[in-house]
Ligand SMILES: NC(=O)c1ccc[n+]([C@@H]2O[C@H](COP(=O)([O-])OP(=O)(O)OC[C@H]3O[C@@H](n4cnc5c(N)ncnc54)[C@H](O)[C@@H]3O)[C@@H](O)[C@H]2O)c1
């Protein structure tokens, strides 16, 4: 099936999706944004039609892929409309800003048989793929440590005076208006997705969050998660240290999985630099006492993710990535919030 796509939301992230759709051979028929000036470069590049009303896209029978790259707080209405209209959906993360809303969407998509993806692109980093491929070789999994420490600048000395991270007294920061939260939602969500990807859904967790009194978002979140593959030590943090991480560029996002026969370490590059900074995986094999380092050439994980989604859509199948991945992460975010607030562990009752 030939793919005819529409992109809703032409802000920062959209360039990665336009690139992925273009490389996958999809025709980009519509671009939609409330601000015409944001859509204009893409209208021109792809000779696409413009609308500020996404229902024009849903009402176009030629469109078979709806790509949602608007802010997370409006994903729900767009996803539901696209499912109703019978389109396949690629939606940026996080799927929504609440577990209940994400559940409503994936339940509807499952019922309708919609091909539906939440685009957690880090699954498509070569180091993540290699780590997943080699996971069986480390034997029974005993322990996992996973973190997303991101360089956001000086966030700890006080409420920023301006910009998206400024919380007005008694008001809501742009960060929360657009994304629904702080580092847990923005950065930590990706590695929660990787927890599910590598180890399966957690059953229980105990969490900690740091939300300063002058802010409406978190600067740090940590959790101990129980999975059928052992405990996971999880943490995400905004920091101001310039040289952290395997590339010494401040980006410190790693997964370490220790088993009875070996260990896997995965290192992820800065989220928007995958096409210029390579990912890395180290495999330690206890039988030979050998550690093998795999350094991968840079490649855009967005191109690879969207390529995978489009290939499946063109074949009319969901493929290896389930519809519910976006809900899984949003449920974990919600339970981390509940546990941190109550200071009690919570059992996770998966709704689907
Ligand atoms: N995968 C990642 O690592 C990553 C990184 C950054 C952002 N994101 C996600 O990407 C999404 C977009 O983030 P961004 O940084 O590009 O935001 P952005 O603010 O730069 O762009 C969002 C665009 O959506 C448009 N928009 C808002 N409401 C709309 C509506 N009702 N109809 C049409 N257009 C509308 C805005 O005008 C804006 O141009 C968010 O869900 C965010 O969480 C993911």
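Residue numbers (the working numbering): -7 to 344.
Beta carbons are placed, not taken as given, at the ideal position from N, Cα and C, and that holds for glycine.
From a predicted model like this one, the values you see are computed outputs, not experimental measurements.
- By the Cβ rule, the stretch 262 to 282 does not count as touching the stretch 158 to 170, because fewer than three pairs are nearer than 8 Å.
- For the pair residue 32 and residue 20, the Cα-to-Cα distance works out to about 13 Å.
- Out of 179, 155 and 133, the CA that lies nearest to the CA of residue 192 is found in 133.
- By the C-beta criterion, the stretch 87 to 104 is judged not to be in contact with the stretch 22 to 37, since fewer than 3 inter-stretch pairs fall below 8 Å.
- Counting only runs of at least 4 residues, the stretch 53 to 109 fully encloses the following alpha helix (DSSP H) elements, listed from N- to C-terminal order: 67 to 76 and 91 to 104.
- Taking each of 243, 78 and 143 in turn and checking the Cα distance to residue 259, the smallest one comes out for 243.
- The beta-bridge partner set that DSSP reports for residue 22 consists of -2 and 41.
- Listed in chain order, the alpha helix (DSSP H) elements of length 4 or more contained wholly in the stretch 139 to 188 are 166 to 171.
- Taking 8 Å as the cut-off, the beta carbon of residue 137 is found closer than this to the beta carbon of residue 248.
- Residues 11, 12 and 15 of the same chain have their beta carbon placed closer than 7 Å to that of residue 295, with the five preceding and five following residues left out of the count.
- From the listed residues 286, 38, 82 and 55, the smallest Cα separation to residue -4 is found for 55.
- Contact annotation: residue 101 and residue 302 have beta-carbon atoms that are not nearer than 8 Å.
- Of the other Cβ atoms in all chains shown, 16 or more fall within 10 Å of the Cβ of residue 256; this residue is therefore buried.
- With contacts defined as CB atoms closer than 8 Å, residue 118 and residue 288 qualify as a contacting pair.
- Looking from the CA of residue 140, the closest CA among 282, 245, 261 and 219 belongs to 245.
- Residue state for residue 319 is assigned as helix, using DSSP reduced to three classes.
- Pairing residue 50 with residue 73, the inter-Cα distance amounts to about 7 Å.
- Relative to ligand 1, the beta carbon of residue 184 is positioned no closer than 7 Å to any heavy atom.
- 123 is the residue among 29, 123, 6 and 298 whose C-alpha sits nearest the C-alpha of residue 251.
- The three-state reading of DSSP puts residue 113 in helix, counting H, G and I together.
- Scanning its chain for C-beta atoms nearer than 7 Å, with the 5 sequence neighbours on each side dropped, one finds around residue 207 the residues 151 and 159, in chain order.
- Short note on residue 113: C-beta closer than 7 Å to some heavy atom of ligand 1.
- Distance from the CA atom of residue 283 to the CA atom of residue 277, rounded to whole angstroms, is 6 Å.
- Contact check for residue 195 against residue 339 passes: the beta carbons are separated by less than 8 Å.
- Where residue 215 is concerned, the enclosing beta strand (DSSP E) starts and stops at 212 to 219.
- Annotation for residue 272: the continuous beta strand (DSSP E) segment containing it runs 272 to 277.
- In chain order, 208 and 209 place their CB closer than 6 Å to the CB of residue 168, counting only its own chain and leaving out the 5 sequence neighbours on each side.
- In the three-state scheme derived from DSSP, where H, G and I count as helix and E and B as strand, residue 119 is classed as helix.
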